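Student: Pasting in a structure now, in structure tokens, and then I'll have a few things to ask.
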DNA sequence: GACCAGGTCATCA
DNA sequence: TGATGACATGGT
């Protein structure tokens, strides 16, 4: 399978060859193997543990278990770039796997151009060297909205736990060849719950935000389709009308759920590293830092943010 | 048993 | 505008 590069995207013509076993008797439990020839790297481990997504878990056997567009997916990387990388994927047999994987991991986005743009900046250059292959994922905006409302003054292990309990309690139970699982709950399902239900899940002060926002989105059919037609700043303004959504959460929804790479979410990690590396340690209000990021990194601000986020966290751990 | 966490919101100067 | 504190509670 050869994918022609859409306009403005990869010029390296990402080749996506599938070696499938779709002959009669194929079982979804057998992996589909994607051999992808590309100069543009993917590092699955870094990408799936990077804090932009909260429902992937790595199993003992190197397989990641998670969800793409509501489908349970198992995926692992058995070969890193040089010159190609290989992904193995297991999911429901009815799914068009190559499209699913390609879109979710943005395999056609031109990271080569992005990396060469980052070369000019010493901090990003270092971050790129360390986390090469980290990619932004295309996720569901509704899931991003609730996930990042829950991220307020929290930490990643806790956010993951909150989301898992939310799915188990209010998500639809589904079955595939691997067994039962719960989908991410709809806005309608959450609007029918109560603030107290969410407090029982350990949401704390975020409980009312989740409920109020679910109610508003459930009442507004096509909320995200409408959002997608707006400009970045209009969409951001609209999102900020939702309870529990400020500029940071809005930027995360736009970046991770609506592919708006011009957004630059500023959290505690970004604040720390940007102040330290670009403002000599001087304290700067988050609003100004977001403007700075958008201006400095332009159409790649969101990618820059994700690399800086990882870089800042990595520095803390070392 | 502190301390802190991918913020938001209301209030005040 | 910009600074400050309350908001709840689990993870370390």
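Numbering (this note's numbering), first residue to last: 2 to 319. Even for Gly, the Cβ is constructed at its ideal location relative to N, Cα and C. Keep in mind it's a predicted model, so treat the numbers as computed, not measured.
Please name the residue, chosen from 80, 73, 85, that lies closest to residue 38 on a Cα-to-Cα basis.
Tutor: Of the candidates 80, 73, 85, the one whose C-alpha sits nearest the C-alpha of residue 38 is 85.
Student: Only counting runs of 3 or more residues, tell me where the beta strand (DSSP E) segments fall wholly within the region 156-199, in order along the chain.
Tutor: The qualifying runs are 174-177, 180-183.
Student: Using a Cβ-Cβ cutoff of less than 7 Å, which residues in the same chain neighbour residue 215 once the five nearest sequence positions on both sides are dropped?
Tutor: So the list reads 188, 191, 192, once near-sequence residues are dropped.
Student: Smallest Cα separation from residue 73: which of 34, 177, 28?
Tutor: Measuring from the Cα of residue 73, the nearest candidate turns out to be 177.
Student: Suppose the cutoff is 7 Å on Cβ atoms and the five residues either side in sequence are ignored; what does the same chain contact list for residue 247 look like?
Tutor: The residues are 241.
Student: Give the list of continuous beta strand (DSSP E) stretches no shorter than 3 residues that lie fully inside the region 61-114.
Tutor: Whole beta strand (DSSP E) segments, 3+ residues: 65-69, 72-80, 85-92.
Student: Are residue 120 and residue 113 touching if we call contact CB-CB under 7 Å?
Tutor: No, the pair does not count as a contact, with Cβ atoms beyond the cut-off.
Student: Would you call residue 157 buried or exposed, if buried means 16 or more other Cβ atoms sit within 10 Å of its Cβ?
Tutor: Exposed, by the Cβ-count rule.
Student: When you compare only the Cα positions, how much space is there between residue 309 and residue 253?
Tutor: If you take the alpha carbons of residue 309 and residue 253, they lie about 14 Å apart.
Student: Are residue 267 and residue 249 touching if we call contact CB-CB under 7 Å?
Tutor: Result yes, Cβ atoms of residue 267 and residue 249 sit closer than 7 Å.
Student: Does the beta-carbon of residue 123 have 16 or more other beta-carbons within 10 angstroms, so that it is buried, or is it exposed?
Tutor: Exposed, because fewer than 16 other Cβ atoms sit within 10 Å of the Cβ of residue 123.
Student: Is the Cβ-Cβ distance between residue 48 and residue 133 less than 7 Å?
Tutor: Against a cut-off of 7 Å, the Cβ pair of residue 133 and residue 48 comes out as no contact.
Student: Do residue 147 and residue 245 come within 7 Å of each other at the CB atom, strictly closer than that value?
Tutor: No, they are not a contact pair.
Student: Among 224, 65, 91, whose alpha-carbon lies nearest the alpha-carbon of residue 143?
Tutor: Answer by Cα proximity: 224.
Student: Give the straight-line distance between the Cα atoms of residue 213 and residue 77, rounded to the nearest whole angstrom.
Tutor: One C-alpha to the other measures close to 38 Å.
Student: Report yes if the C-beta distance between residue 105 and residue 139 is below 7 Å; otherwise report no.
Tutor: Yes, these two residues count as a Cβ contact at 7 Å.
Student: What are the partner residues of residue 59, as DSSP defines its beta bridges?
Tutor: DSSP lists 65 as partners of residue 59.
Student: Indicate the three-state DSSP secondary structure (helix, strand or coil) for residue 309 in the structure shown.
Tutor: It is helical.
Student: Please report the distance separating the alpha-carbon of residue 235 from that of residue 295.
Tutor: Those two C-alpha atoms are separated by around 15 Å.
Student: For residue 142, which of helix, strand or coil comes out of DSSP?
Tutor: Reduced to three states, the DSSP call for residue 142 is helix.
Student: Quick check on DSSP: helix, strand or coil for residue 238?
Tutor: If DSSP states are grouped into helix, strand and coil, residue 238 belongs with the helices.
Student: Can you tell me where the alpha helix (DSSP H) with residue 285 in it begins and where it stops?
Tutor: Segment: none, residue 285 is in no alpha helix (DSSP H) and carries neither H nor E.
Student: I'd like the list of long-range same chain contacts for residue 69, defined as Cβ closer than 6 Å, with 5 residues on each side in sequence excluded.
Tutor: Cβ within range, chain order: 101, 105.
Student: Does the Cβ of residue 301 have 16 or more other Cβ atoms within 10 Å, making it buried, or fewer, making it exposed?
Tutor: Per the 10 Å Cβ criterion, buried.
Student: Quick check on this structure: which residue in 118, 160, 32 has the alpha carbon closest to the alpha carbon of residue 57?
Tutor: Taking only the C-alpha atoms, the option nearest residue 57 is 160.
Student: Once DSSP output is grouped into helix, strand and coil, what is the label at residue 246?
Tutor: Residue state, collapsed to three classes: coil.
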